[in-house]
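Chains as they are written, first to last, in the working numbering: chain A, 25 to 152; chain B, 25 to 152. Just so it is clear, CB atoms sit at the ideal spot from N, CA and C, and this is done for glycine as well. Quick caveat: nothing in here was measured; it's all calculated off a predicted structure. Here the structure is laid out as structure tokens; the discussion comes afterwards.
Protein chains: 2
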Amino acid sequence: MDEQGDTLTAVFAALADPTRRAILQRLTVGSASVAELGEPFCMSQPAVSKHLKVLERAGLISREQVATARYSRLEAEPLREATEYMQRYRRFWNESFDRLDAALADHLSTVTSAEPPSTTPEKERTDD
Amino acid sequence: MDEQGDTLTAVFAALADPTRRAILQRLTVGSASVAELGEPFCMSQPAVSKHLKVLERAGLISREQVATARYSRLEAEPLREATEYMQRYRRFWNESFDRLDAALADHLSTVTSAEPPSTTPEKERTDD
DNA sequence: CTCCTTGATAACCTTGTGGTTATGAAGCTT
DNA sequence: AAGCTTCATAACCACAAGGTTATCAAGGAG
């Protein structure tokens, strides 16, 4: 769970910042130098470099030195993995209504004896 | 961009922790009390409560007080939103070759002196 | 009523994160 | 060679994050 759990952590952490998300979005229209990437933000150049390093360590960008410039390129593979991870929860936003009903009914019928609102334990269990 | 960008930040930040991901996974098999959720981890109870608070603020769980127990329930809606967000990048792990062309063209049109990170030659940009 | 369990909260510590300025390496331009 | 541009790195700062222990409120169980 932690070989790529580590990757997941890095990717989600990288995405948990608006600046970095904006950088990624900018990169969807093509590679860009550090200066270009930092231009939209009122932020010093080293700050941008730090963000890029975070993105790079998460595998979300690759970088290529051309002259004095360092061009960043979007690498979407980790995003695919992260998406796949979240897809494991897809059934829960599909069947949330069923679960809600079940939980409510269960709770109403057992609240006097203080039992947990066990939300239909989904024997499906496609665990990893 | 930041009405739900805030939500995105909270969700990704919440997911960027292995403990919280494990808690979410545990919740896929049903609601659980704080003690139950914390049992797999060698971690104090307040630490678990903090994680739960993070998850709650990200909208990833809802909570229900039954007696002295507080049962957490998985709320997958924010995960759906986060997945949708990442889906915007799907074409980049599908059509990464086309994208390279786009990147190159874009870069050429904005930078006249330095050379682009030429990975593939010529072509016009195919922005969406 | 008294005791035990559950879990929240506060106070605190340590690390990590996001930002800054200052500096320096490397490469064009002239 | 001299100077400007691009960017990384270091040193530093403020604050958030994840963890701890101590404490306390509230609800069963005896």
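Worksheet item: Does Thr136(B) come within less than 8 Å of chain A when only Cβ atoms are used?
Response: Caution is warranted here: a pLDDT of 40 is assigned to Thr136(B), below 50, making its placement in the model unreliable, and no coordinate value can be reported.
Discussion item. Tell me which residues of the region 35-50 of chain A have at least one Cβ-Cβ distance to chain B shorter than 9 Å, keeping chain order.
Written reply: Val35, Phe36, Ala37, Ala38, Leu39, Ala40, Asp41, Pro42, Arg45, Ala46, Leu48 and Gln49
Worksheet item: Tell me, which residues are paired with Gln89(A) by DSSP?
Response: Arg94(A)
Worksheet item: What residue does the alpha helix (DSSP H) around Val58(B) start on, and which one ends it?
Response: Val58 to Gly62
Worksheet entry | Buried versus exposed call for Thr107(B) [16 or more other C-beta atoms within 10 Å across all chains shown] | buried
Worksheet item: With 8 Å set as the bound, which would you pick, yes or no: does the beta-carbon of Phe116(B) sit closer than that to a beta-carbon of chain A?
Response: yes
Item to complete: Could you give the DSSP three-state label for Leu32(B): helix, strand or coil?
Response: helix
Practice prompt. Reducing DSSP to helix, strand and coil, say where Ser55(A) ends up.
Written response: coil
Discussion item. For Gly62(B) and Ala46(B), what's the separation of their Cα atoms in angstroms?
Written reply: 10 Å
Fill in: Neighbour flag for Gln111(A) against chain B, beta carbons, 8 Å
yes
Practice prompt. Grab the span of the alpha helix (DSSP H) containing Glu108(A) for me, first residue to last.
Written response: Glu101 to Gln111
Discussion item. Helix, strand or coil for Phe65(A)? Go by DSSP, reduced to three states.
Written reply: coil
Worksheet entry | Buried versus exposed, by CB contacts within 10 Å (16 or more), Arg159(A) | Shown here, chain A extends from 25 to 152; a query on residue 159(A) therefore has no answer.
Item to complete: For chain A, find out if any of its Cβ atoms is closer than 8 Å to the Cβ of Thr31(B); answer yes or no.
Response: no
Worksheet item: To the nearest whole angstrom, what separates the beta carbons of Ala100(B) and Ala38(B), a pair I think is in contact under 8 Å?
Response: Actually they are not in contact, since the Cβ atoms of Ala100(B) and Ala38(B) sit about 13 Å apart, beyond 8 Å.
Fill in: Helix, strand or coil at Ala37(B) according to DSSP, with G and I counted as helix
helix
Item to complete: Using alpha carbons as the reference points, say which of Gln69(B), Trp117(B) and Thr52(B) lies closest to Arg112(A).
Response: Thr52(B)
Fill in: His64(A) versus Pro102(B): straight-line alpha-carbon distance, rounded
For the sequence presented, residue 64(A) should be read as Pro rather than His. Whole-angstrom Cα-Cα distance: 28 Å.
Worksheet entry | Residue from Arg104(B), Ala40(B) and Ser86(B) whose Cα sits closest to the Cα of Gly54(B) | Ser86(B)
Worksheet item: Cβ of Leu79(B) less than 8 Å from any chain A Cβ?
Response: no
Discussion item. Strictly below 7 Å CB to CB, what residues from chain A border Ala100(B)?
Written reply: Tyr113, Phe116, Trp117 and Ser120
Discussion item. Counting only Cβ pairs nearer than 9 Å, list the residues of chain B close to Leu76(A).
Written reply: The contacting residues do not exist; Leu76(A) stays about 14 Å from chain B at best.
Worksheet entry | 7 Å Cβ cut-off: residues of chain B touching Ala106(A) | Met110
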